[in-house]
Amino acid sequence: MKHQGIGTQCVQGGYTPGNGEPRQIPIVQSTTFKYATSEDMGKLFDLEASGYFYTRLQNPTNDAVAAKIAELEGGTAAMLTSSGQAANLFAIFNIAGNGDHIVASNSIYGGTYNLFAVTMKRMGIDFTFVDPDCSSEELDAAFQENTKAVFGETIANPALTVLDIEKFAQAAHAHGVPLIVDNTFATPILCRPFEWGADIITHSTTKYMDGHGVAVGGCIVDSGKFDWTKYPDKFPGLTTPDESYHGITYTERFGLEGAFITKATAQLMRDLGCIQSPQNAFYLNLGLESLHVRMPRHSQNALAVAQFLSKHPKIRSVQYSGLKGDTYYDLAQKYLPDGSCGVVSFEIQGGRSAAEKFMKHLKLAAIETHVADARTCCLHPASTTHRQMNDEELKAAGISADMVRFSCGLEDAQDLIDDIDQALNA
Ligand SMILES: *Cc1c(COP(=O)(O)O)cnc(C)c1O
Numbered sequence: 001m002k003h004q005g006i007g008t009q010c011v012q013g014g015y016t017p018g019n020g021e022p023r024q025i026p027i028v029q030s031t032t033f034k035y036a037t038s039e040d041m042g043k044l045f046d047l048e049a050s051g052y053f054y055t056r057l058q059n060p061t062n063d064a065v066a067a068k069i070a071e072l073e074g075g076t077a078a079m080l081t082s083s084g085q086a087a088n089l090f091a092i093f094n095i096a097g098n099g100d101h102i103v104a105s106n107s108i109y110g111g112t113y114n115l116f117a118v119t120m121k122r123m124g125i126d127f128t129f130v131d132p133d134c135s136s137e138e139l140d141a142a143f144q145e146n147t148k149a150v151f152g153e154t155i156a157n158p159a160l161t162v163l164d165i166e167k168f169a170q171a172a173h174a175h176g177v178p179l180i181v182d183n184t185f186a187t188p189i190l191c192r193p194f195e196w197g198a199d200i201i202t203h204s205t206t207k208y209m210d211g212h213g214v215a216v217g218g219c220i221v222d223s224g225k226f227d228w229t230k231y232p233d234k235f236p237g238l239t240t241p242d243e244s245y246h247g248i249t250y251t252e253r254f255g256l257e258g259a260f261i262t263k264a265t266a267q268l269m270r271d272l273g274c275i276q277s278p279q280n281a282f283y284l285n286l287g288l289e290s291l292h293v294r295m296p297r298h299s300q301n302a303l304a305v306a307q308f309l310s311k312h313p314k315i316r317s318v319q320y321s322g323l324k325g326d327t328y329y330d331l332a333q334k335y336l337p338d339g340s341c342g343v344v345s346f347e348i349q350g351g352r353s354a355a356e357k358f359m360k361h362l363k364l365a366a367i368e369t370h371v372a373d374a375r376t377c378c379l380h381p382a383s384t385t386h387r388q389m390n391d392e393e394l395k396a397a398g399i400s401a402d403m404v405r406f407s408c409g410l411e412d413a414q415d416l417i418d419d420i421d422q423a424l425n426a
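Heads up: the sequence shown begins at 1 in UniProt numbering, then just goes up one per residue.
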């Protein structure tokens with residue numbers, strides 16, 4: 001069959017019903033699966049036969065939705081996790097442990113920064129954070145003997161920096177390690193990081209993939225391209241027998257296409273248990289069915305709002321990589337030619353109190369700690385997510401007291417602009 005377009009994959013990928021089977025992916029709301037003999041089930045435990053036995057390890061609903069996301073990203077295998085946090089934890093912990101080191105962009109989601117700098121540090125993994133706009137030489141200098149991966153976000157939440165994926169992939173590969181990209185804000189509709197050299201992709205599916213604010217979830221996708229066997233000393237977990245799993249060597253048994261995800265499932269999901277519920281996977285799939293229709297509209301609305309704000313006398317500055325003149329405009333033209341997603345951030349003349357007043361007068365945009373929803377939502381970090389910081393600490397974190405993060409939904413752009421305009425003038 002001819003390679004299908006990404007819209008067709010969004011609607012029909014991952015699941016093909018047989019004769020008389022349900023048209024929609026069935027929700028297999030069952031923790032367990034029945035077998036005729038213990039021998040049958042034993043083969044599954046040995047990973048000799050494929051099949052289901054316990055939903056913490058695998059579930060047919062989750063597998064169908066993960067297969068759709070793998071298709072959308074152009075990967076060879078994928079798994080769902082209970083949240084985006086779990087996806088990033090698993091992606092890194094699958095190849096790094098006590099005594100290892102990771103190079104990460106410093107422009108990443110706050111929850112991920114905390115996971116890396118606090119919780120994973122306690123697990124014995126060290127991180128060096130680099131400015132995503134650093135030179136290739138500076139990036140090179142961040143690597144150590146024990147570095148196991150490089151990490152960045154395509155469009156960073158909330159800084160909205162755009163990652164130079166090719167630059168990061170080249171550096172990672174020169175040091176014999178994979179590049180992991182969190183593609184949450186771009187989604188595969190706006191950017192497919194594997195096409196630019198990334199090796200592993202993670203998602204918080206809670207954001208645009210769901211898109212309706214109903215289900216927390218995450219996903220990990222493998223490109224199948226990184227050759228772990230070329231660096232067996234660096235990645236013994238993939239290239240030598242796993243004594244906790246019947247002595248299986250993942251790269252031998254499952255090839256480069258399947259080793260990473262099979263290990264993350266058989267080992268990490270087994271032991272850490274961050275599975276997505278099949279019910280949430282079903283909701284996620286409903287979101288995926290319209291992802292290709294929604295992302296361009298989110299992006300068009302955000303560009304219209306950014307253009308309006310850039311000309312407004314009460315606005316000090318606007319950050320949106322799709323806007324001409326933005327610091328990341330050139331990178332966005334390369335990596336995000338079809339749009340820069342729905343999130344815009346801007347700073348209001350008059351400081352913290354002006355921003356607080358603006359938030360109070362919004363009528364259509366709802367105040368939420370969420371982004372990437374069909375309904376427009378808006379956040380003033382200085383008085384909410386970052387309220388424990390004073391103005392100086394905020395500045396150090398790259399956030400000003402008058403900064404507002406505005407996530408454009410799917411409403412009419414003119415209504416969003418009118419709402420912003422009346423709140424600025426109030
Ligand atoms: C929200 C988010 C996460 C965390 O995802 P959860 O689903 O909330 O756990 C990770 N990365 C990025 C870029 C995010 O926006």
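Beta carbons are placed, not taken as given, at the ideal position from N, Cα and C, and that holds for glycine.
Here DSSP, grouped into helix, strand and coil, assigns Met403 to strand. Out of Glu368, Ile95, Val130 and Asn88, the CA that lies nearest to the CA of Ser107 is found in Val130.
By the Cβ-count criterion, Gln58 is buried, with 16 or more other Cβ atoms from all chains shown falling within 10 Å of its own Cβ. For Tyr328, the shortest C-beta to heavy atom distance toward ligand 1 is 8 Å or greater.
If you look at Asp40, you'll find it in the alpha helix (DSSP H) that goes Ser38 to Phe45. About 5 Å separates the beta carbons of Leu424 and Lys314, which is inside the 8 Å limit, making them a contact pair.
At a cut-off of 8 Å, the beta-carbon of Phe185 counts as near ligand 1: some heavy atom of the ligand is closer than that. Within the segment 117-168, the runs of beta strand (DSSP E) that reach at least 3 residues and sit entirely inside it are, in chain order, 126-130 and 147-153. Put simply, the segment 149-161 does not touch the segment 288-302. Fewer than three CB pairs are less than 8 Å apart.
In terms of Cβ geometry, Gln279 and Gln29 form a close pair [threshold 9 Å].
Looking at Val404, Thr202 and Cys341, the one whose alpha-carbon comes closest to that of Lys357 is Val404. Between ligand 1 and the CB of Ile201, the shortest heavy atom gap is not smaller than 8 Å.
According to the DSSP assignment, Gln319 belongs to the beta strand (DSSP E) that extends over Ile315 to Gln319. The Cβ atoms of Asp164 and Pro188 lie no closer than 9 Å to each other.
Straight across, the Cα-Cα distance linking His386 with Phe254 is about 44 Å. With a cut-off of 8 Å, the C-beta of Tyr245 is classified as distant from ligand 1, since no heavy atom of the ligand falls inside that distance. In this structure, the CA atom of Phe33 is about 5 Å from the CA atom of Phe53. Residue pairing by DSSP puts Ser105 in a beta bridge opposite Val130.
Within its own chain, the residues whose Cβ lies closer than 7 Å to the Cβ of Gly99, once the five positions on either side in sequence are excluded, are Gly124 and Asn146, listed in chain order. Put simply, of Ala96, Ile92 and Asn88 the residue whose alpha carbon is nearest the alpha carbon of Tyr109 is Asn88. Per DSSP, the unbroken alpha helix (DSSP H) holding Cys10 starts and ends at Ile6 to Gln12.
By the Cβ-count criterion, Gly217 is buried, with 16 or more other Cβ atoms from all chains shown falling within 10 Å of its own Cβ. Under the three-state reduction of DSSP, Met79 is assigned to strand. Looking from the CA of Cys408, the closest CA among Asp402, Ala401, Ile417 and Ser400 belongs to Ile417. Per DSSP, reduced to three states, the secondary structure at Val177 is coil, with no helix or strand assignment. For Glu138, the CB stays at least 8 Å from every heavy atom of ligand 1.
Apart from sequence neighbours up to five positions away, the residues of its chain that approach Ser290 with a beta-carbon distance below 8 Å are Cys10 and Gly211, ordered along the chain.
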